[in-house]
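This is the structure:
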């Protein structure tokens, strides 16, 4: 099994910092990254209700979700530009469980540079 170092990142919606993440490569063939998301008060006040609604809605409005300007900026200032988008594993019924951030469609060159895959 490969061993990778976590990469710290800030997570934003637009210019609003909503938390931090410690990212690792996941499904490399799909440009996947995942990691523990540590939310701040902005996430709880502004974004968590949207995440819960999206995750629990059988008739998901994908256009609305894509319209949320999620941004992830790595510790050196590089901003990821994933083509697959972002998901948060944040379950309302399990408020004590950690929140996981998943990112899909990150360019292989970025994974090679930062995670030495």
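Residue numbers (the working numbering): 4 to 120.
Glycine included, every Cβ here is placed at the ideal spot set by N, Cα and C.
Check whether the Cβ atoms of residue i and residue j sit closer than 9 angstroms, and answer yes or no.
i: residue 104; j: residue 92; result: yes
i: residue 16; j: residue 50; result: yes
Return the residue from the list the options that minimises the CA-CA distance to residue i.
i: residue 68; options: 83, 90, 77, 80; result: 90
i: residue 46; options: 32, 82, 24; result: 24
i: residue 110; options: 76, 31, 54, 38; result: 31
Can you tell me whether residue i is buried or exposed, with buried defined as 16 or more other CB within 10 angstroms of its CB?
i: residue 42; result: buried
i: residue 21; result: buried
i: residue 98; result: exposed
i: residue 12; result: buried
i: residue 9; result: exposed
i: residue 38; result: buried
i: residue 28; result: buried
i: residue 120; result: exposed
i: residue 65; result: exposed
Residues in its own chain within less than 7 angstroms of residue i by CB, not counting five upstream and five downstream?
i: residue 94; result: 100
May I ask you to list the residues that DSSP assigns as paired with residue i?
i: residue 73; result: 16
i: residue 26; result: 10, 38
In chain order, what residues of the same chain lie with their CB nearer than 8 angstroms to the CB of residue i, ignoring the 5 residues before and after it?
i: residue 33; result: 87, 107, 108
i: residue 59; result: 95
i: residue 63; result: 57
Identify, in the order they occur along the chain, each residue of the same chain with its Cβ nearer than 6 angstroms to the Cβ of residue i, setting aside the five sequence neighbours on each side.
i: residue 78; result: 11
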